[in-house]
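Contents: one structure, followed by commentary.
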Amino acid sequence: MDISVVIPLYNEEESLPELTSWIERVMEENGFSYEILFIDDGSTDRSLDTIKSLANRNDRIHAVSFSRNYGKSPALNTGFRRAKGDVVITMDADLQDSPDEIPGLYKMIKEEGYDLVSGWKKKRYDPLSKTLPTKLFNATARKVSGIKNLHDFNCGLKAYRNAVVKHIEVYGDMHRYIPYLAKNAGYRKIGEKVVHHQARKYGHTKFGLDRFVNGYLDLGTLWFQSKFGVKPMHIFGLLGSMMFILGLLAVLVVLVLKIVSMNSETYHFYVTKSVYFYLSLAAMIMGLQFFLSGFIGELITRNSPERNNYLIAEEI
Ligand code: UDP
Ligand code: MG
2 MDISVVIPLY NEEESLPELT SWIERVMEEN GFSYEILFID DGSTDRSLDT IKSLANRNDR
62 IHAVSFSRNY GKSPALNTGF RRAKGDVVIT MDADLQDSPD EIPGLYKMIK EEGYDLVSGW
122 KKKRYDPLSK TLPTKLFNAT ARKVSGIKNL HDFNCGLKAY RNAVVKHIEV YGDMHRYIPY
182 LAKNAGYRKI GEKVVHHQAR KYGHTKFGLD RFVNGYLDLG TLWFQSKFGV KPMHIFGLLG
242 SMMFILGLLA VLVVLVLKIV SMNSETYHFY VTKSVYFYLS LAAMIMGLQF FLSGFIGELI
302 TRNSPERNNY LIAEEI
């Protein structure tokens with residue numbers, strides 16, 4: 002099979018028939034063998050019925066329906082586990098992404114050797130309240146992930162070599178960082194293609210402003226995982242040592258001042274009135290906390306099934 006199209010959807014009944022016939026048309030015009038995988042993320046409208054009737058007249062259409070709304074990432078992950086095509090293409094269900102981009106994306110994976118190609122909505126049809134924070138978000142994501150050539154991490158329209166989707170696990174809200182996940186999994190040829198974008202035709206967006214807060218928190222998590230995921234002591238041990246040294250220095254100051262004042266008639270030094278006393282207390286307790294976090298992190302890592310997963314490019 003050439004292509005699996007994975008489409009996560011949540012309450013998109015109006016868009017589905019139009020989207021499906023558009024994809025079918027593109028596939029037939031280009032002679033691709035394909036499957037369309039709808040992942041119904043717990044829709045409460047008639048989306049599932051619509052998909053059923055679409056699947057009745059085309060046996061290349063398959064669907065999974067969640068019992069409740071889990072989110073876009075779980076939906077994508079479920080589609081990824083099932084996708085059989087050589088190239089896997091993800092696309093939003095709301096007709097904002099154009100199926101006409103499929104042949105171009107397919108070609109970049111198949112002929113130009115890309116592992117992952119992300120769409121870039123260079124000209125966007127979204128409100129300014131969304132496009133402006135998105136610019137900032139992408140700039141941070143580029144910096145943190147080290148994937149310098151991507152302008153639009155969170156574009157719903159992406160193409161993957163099949164092996165890539167089998168080696169990444171998208172959970173929580175991590176769909177925003179799939180290129181970063183792929184890079185951490187060992188896939189380096191990550192490219193970009195300018196894609197046509199349209200204003201939402203039916204329904205409304207499913208994400209609110211909390212996307213930006215959560216987006217940054219997730220980026221922090223991913224950065225931490227990729228840097229210290231299997232060696233947590235390297236960060237916690239360093240922080241702990243620094244804190245401990247600071248505490249030790251403060252204790253020395255307290256000690257010296259006390260000894261000096263004990264031998265002096267006029268100078269009285271009270272340990273509990275000194276900032277250094279409190280500094281030493283706080284720093285040493287924090288240092289110990291960091292160390293303990295590090296040890297616990299190491300124990301967890303030791304038991305993680307991921308600890309020895311390496312992507313081997315070649316064996317000779
Ligand atoms: N979506 C989903 N589960 C959710 C939220 C969204 O499957 O909990 C789907 C949604 O139906 C659409 C895609 O993810 O197909 C992108 O969502 P949306 O268009 O609302 O995001 P935006 O374009 O505003 O970023
Ligand atoms: Mg949309």
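Each residue of the sequence shown is one higher than the one before, counting from 2 in my numbering.
Cβ atoms here follow ideal geometry from the backbone N, Cα and C, with glycine treated the same way.
Per DSSP, the bridge partner or partners of residue i
i	result
Phe33	DSSP lists no partner for Phe33.
Ile4	Tyr35, Val88
Pro9	Ile40
Lys1	Outside the modelled stretch of the chain, which goes from 2 to 317, sits residue 1, for which no answer is possible.
Glu193	Ser119
Val324	For the chain, the structure presents residues 2 to 317; residue 324 sits outside this window and is missing.
Asp98	His198
Environment of residue i [buried if 16+ CB atoms lie within 10 Å]
i	result
Asp153	buried
Arg308	exposed
Val261	exposed
His269	exposed
Lys136	exposed
Val255	buried
Ile313	exposed
Thr267	exposed
Asn264	exposed
Phe237	buried
Gly216	buried
Leu133	exposed
Val89	buried
Ile338	Residue 338 lies beyond the range of the chain shown here (2 to 317); nothing can be said about it.
His235	exposed
Asp46	exposed
Tyr311	exposed
His205	exposed
Distance between residue j and residue i (C-alpha atoms, nearest Å)
i	j	result
Val145	Val196	24 angstroms
Arg69	Gly43	4 angstroms
Ile301	Lys111	39 angstroms
Asp98	Leu158	6 angstroms
Val6	Asn59	14 angstroms
Met243	Gly288	7 angstroms
Lys184	Ile191	8 angstroms
Pro75	Leu10	11 angstroms
Asp87	Glu19	25 angstroms
His63	Phe291	49 angstroms
Glu315	Ser16	44 angstroms
Leu38	Glu14	15 angstroms
Gly32	Arg26	10 angstroms
As assigned by DSSP and simplified to three states, the class of residue i
i	result
Ala283	helix
His269	coil
Ile301	helix
Thr206	coil
Leu312	coil
Ile110	helix
Val166	helix
Arg125	coil
Leu151	coil
Tyr172	coil
Asn185	helix
Pro134	helix
Pairing CB atoms from the region 243-250 with CB atoms from the region 272-286, are three or more of them under 8 angstroms? The region 243-250 makes contact with the region 272-286: 3 or more CB pairs, one atom from each, lie closer than 8 angstroms.
Assess, as a yes-or-no matter, whether the region 49-58 is touched by the region 93-104 under the definition of 3 or more beta carbon pairs within less than 8 angstroms. By the C-beta criterion, the region 93-104 is judged not to be in contact with the region 49-58, since fewer than 3 inter-stretch pairs fall below 8 angstroms.
Can you confirm whether the region 99-119 touches the region 208-222 when touching is taken to mean that 3 or more C-beta pairs between the two stretches lie within less than 8 angstroms? Contact between the region 208-222 and the region 99-119 is absent, because fewer than three Cβ pairs lie under 8 angstroms.
Inter-stretch contact at 8 angstroms, needing at least 3 Cβ pairs: the region 155-169 / the region 75-88: They touch, by the three-pair rule.
Is the region 99-109 touching the region 177-190, taking contact as three or more C-beta pairs under 8 angstroms? Contact fails: fewer than three Cβ-Cβ distances are below 8 angstroms.
So which residues put a beta carbon under 7 angstroms from any heavy atom of the ligand NAP, going in chain order? For the structure depicted, the ligand NAP is absent and the ligand set comprises only the ligand UDP and the ligand MG.
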